[in-house]
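The listed protein sequences correspond, in order, to chains A and B. Residue numbering for the first sequence follows my numbering, starting at 1 and increasing by one per position. Residue numbering for the second sequence follows my numbering, starting at 1001 and increasing by one per position. Backbone N, C-alpha and C fix where the C-beta goes; we use that ideal spot for every residue, glycine too.
2 protein chains.
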Amino acid sequence: MTICLDMMGGDFAPREAVKGIQLYLSETDTPAVLLLTGDEAQINPLLQEYQIPAAAVKVVHAPQIIGMHEHPTKALKEKQQSSIAIGFHLLASGKSEAFISAGNTGAMLVGAMYSIKAIEGVQRPTISTIIPKDNGKTGLLLDVGLNADCKPEHLNQFAQLGSLYARYILNIDNPRVALINIGEEEGKGNILAQAAYPLLKENNEINFSGNVEGRDILLDKADVMVCEGFTGNVILKMAESIYEITHQKQIHHEYFDRFNFENYGGTPVLGVAKPVIIGHGISHAKAFSNMIRLAQKMIEAGLMEKMKASFEGK
Amino acid sequence: MTICLDMMGGDFAPREAVKGIQLYLSETDTPAVLLLTGDEAQINPLLQEYQIPAAAVKVVHAPQIIGMHEHPTKALKEKQQSSIAIGFHLLASGKSEAFISAGNTGAMLVGAMYSIKAIEGVQRPTISTIIPKDNGKTGLLLDVGLNADCKPEHLNQFAQLGSLYARYILNIDNPRVALINIGEEEGKGNILAQAAYPLLKENNEINFSGNVEGRDILLDKADVMVCEGFTGNVILKMAESIYEITHQKQIHHEYFDRFNFENYGGTPVLGVAKPVIIGHGISHAKAFSNMIRLAQKMIEAGLMEKMKASFEGK
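Here it is as structure tokens:
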């Protein structure tokens, strides 16, 4: 197995990425071979410093970097020798089976959409987040910002993609899928939610359990929760801020610790043909290690094949 | 000053309403005269039990009750002798200057819209919620569910109504108004947010400070935050659930105590011509007392007149 990691992405790259590799290798019985894209003059000394075995990694030199605030499409087009562009090239050409970066999110999304394309039948790839439930369980929320405006069928597809992710990656049997709404009964909600409900109800690929409201998001009412990316992004960032506020106010509790999104590594782009994982800009070693493990799990579980089969003939 | 209170609304009516009146009278130097609509056979013994002075209140008998789950429009039409219908009649005819109920929310909204009408120029009345900020300050979020689908101009009007409420009721000088969005810069967001931004920017009646993201909602980035009622309702109910979860997990902290929405009484319907306040179904004495105080403050501050002036000629 070969997984490609962008070493130049994120606020603490490449050092934290190297520390993440060290952590990953120490925790994994059968690690993937890691292709590392980035500036070899910066990466090689760090690989030595952290005693990364030469057989475990292979540096692919990338002389350019796409900055965190560059325009995604423009940067990807103009910086063909950047660590992100080369990473997608390795992925698209089959030299790597997954690609991970904590760099420019927009460039990662554009790269995912245009270099490896969507799974056939998927209209809109999506990004999700893990939601810690009050009873210790874990839910999935999507879309969290990739698709700010959605049609009902998009929500229906997010439900299907999220359901497969919950089943094969989060290990939730027959995950309950819910529509985020502003009322419990069918017929409630805005125009989009009203139109999405019957599609979800009729979708045989998912276990639809109805609407959930804002008050249910942190409770164990559903495993997969779908909404358009505007509301989802607001929920995600509000949840992240709860962690930051409790941290800053020194309110310590196991429940709030689970809102530290670094625990969960990165966000996979669901609906594209190969595993692409986007990390937070502030990713540290643990997040990098978790992202590599996630990519490995996505490959081992055959998630892409499961998704392709689920959308076949749609 | 005369304020009307529905005694039959809410899960703990009429007893908690009477206890709320007792609390209000004990805490207020110059209390309003309270018109109490509801079943006098239930109300009178409680007024005696709680030693409410006869001069402070006047019971207006209402033999019918609109249940919490009745269809709002149908119930209001068919139950003309209900405590809510009579309350709106008193308000519309000028016998009361404000109306408060913790009963059927839908019936209260329908009553507000059709019995006393919107302020001229206001396209969509709105409901808001208080948001406790991490630094001890207080913000206002609107719409929180009355308008699930909005046009850009609706958000612009919510901003104007919320700004006046923040200034005259929350006592915030020159309140900063922000658009809830999924990016900080102008041009970000879904179609609605993109179109609302320039309207807010050009609105001379408000102090527009730009976009805020989900992570800023609980921080002191803006005093008034506007969005459509779908996202707003999800935010409100998620915030309410944070209080419930911390309460249940016995995580005690002054910050989370401020998420107990009973502290804030009820939700005024903003944009209608007279003060209408809707309480939570689970309102206890403190909430009832706070709702009466809020109605009194809205009247004393001349909020309706300020809103009318702000929308004149629009």
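Chain order gives no chain B residues near S93 of chain A, where near means a beta carbon separation below 8 Å; the closest approach is about 33 Å.
Scanning A:E202, A:L140 and A:P45 for the CA closest to the CA of C227 of chain A turns up A:L140. Bridge pairing for L161 of chain A: absent [DSSP]. The shortest CA-to-CA distance from D1220 of chain B to any of B:G1121, B:I1131 and B:I1084 is the one to B:I1131.
In the DSSP assignment, D6 of chain A falls within the unbroken beta strand (DSSP E) covering T2 to D6. Rounded to whole angstroms, the gap between the alpha carbons of K274 of chain A and R215 of chain A is 34 Å.
Those residues of the region 130-152 of chain A placed with their C-beta closer than 7 Å to a C-beta in chain B are D134, G145, A148 and D149, ordered along the chain.
Assigned with DSSP and collapsed to three states, V224 of chain A falls in strand.
Contact annotation for N211 of chain A against chain B: no contact, minimum CB-CB distance about 11 Å [criterion: below 9 Å].
If the five residues before and after K1201 of chain B are omitted, its C-beta is found closer than 6 Å to the C-beta atoms of F1208, all from its own chain and listed in chain order. Looking at the DSSP output, A287 of chain A shares a beta bridge with no other residue. Within the region 224-265 of chain A, the complete beta strand (DSSP E) segments at least 3 residues long are 224-226, listed from N- to C-terminus. Here S101 of chain A has D6, G9, I84, G87, M108, I278 and G279 as same chain residues with Cβ atoms under 7 Å from its own Cβ, once five neighbours each way along the sequence are excluded. For H1284 of chain B, the closest of B:A1301, B:E1262 and B:I1217 by C-alpha to C-alpha distance is B:E1262. Using a Cβ distance threshold of 8 Å, F1230 of chain B and T126 of chain A do not count as a contacting pair.
The contact set of K249 of chain A on chain B, defined by CB atoms closer than 8 Å, consists of D1134, H1253 and Y1255 in chain order. Scanning chain B for C-beta atoms nearer than 9 Å to the C-beta of L155 of chain A yields nothing, as the closest lies near 13 Å away.
8 Å or more divides the Cβ of G145 of chain A from the Cβ of I1235 of chain B. Secondary structure note for H1089 of chain B: its alpha helix (DSSP H) is the uninterrupted segment S1083 to A1092. Taking C-beta atoms under 8 Å as the contact rule, K137 of chain A and L218 of chain A fail to qualify, at a distance of about 11 Å. Within the region 15-94 of chain A, the runs of alpha helix (DSSP H) that reach at least 4 residues and sit entirely inside it are, in chain order, 15-27, 40-49, 72-78 and 83-92. In the three-state DSSP reduction, V1122 of chain B falls in the coil class, being neither helix nor strand. If you compare the alpha carbons of A:H89, A:V177, A:G94 and A:I172 with that of S115 of chain A, the shortest gap goes to A:H89. Here P1014 of chain B is actually not in contact with Q1048 of chain B; their C-beta atoms are around 13 Å apart, not less than 8 Å. Contact annotation: the region 1048-1058 of chain B does not touch the region 291-298 of chain A, with fewer than three C-beta pairs closer than 8 Å. Ranked by Cα distance from N1104 of chain B, the first of B:E1097, B:S1093, B:A1075 and B:Q1160 is B:A1075. Residue range T105 to G111 is occupied by the alpha helix (DSSP H) that includes V110 of chain A. Setting aside the 5 residues that flank it on each side, S1096 of chain B is surrounded in the same chain by T1002, I1003, C1004, L1035 and L1090, each with a C-beta closer than 7 Å to its C-beta; the list follows chain order.
For K1308 of chain B, no Cβ of chain A is located within less than 8 Å of the residue's own Cβ. Taken through DSSP and simplified to helix, strand or coil, N1190 of chain B comes out as coil.
Rounded to the nearest angstrom, the Cβ distance from M1307 of chain B to I1119 of chain B is 5 Å, consistent with a contact under 8 Å. In the DSSP assignment, F208 of chain A falls within the beta strand (DSSP E) that extends over N207 to V212. Between the region 142-161 of chain A and the region 187-203 of chain A, the count of C-beta pairs closer than 8 Å reaches three or more; the two stretches touch.
For the pair M1238 of chain B and A1178 of chain B, the CB atoms are not nearer than the 8 Å cut-off. Non-local beta-carbon contacts of K117 of chain A in its own chain, meaning distances under 8 Å to residues more than five positions away in sequence, involve V272 and A273 in chain order. Taking 8 Å as the cut-off, the beta carbon of G1189 of chain B is found closer than this to the beta carbon of A148 of chain A.
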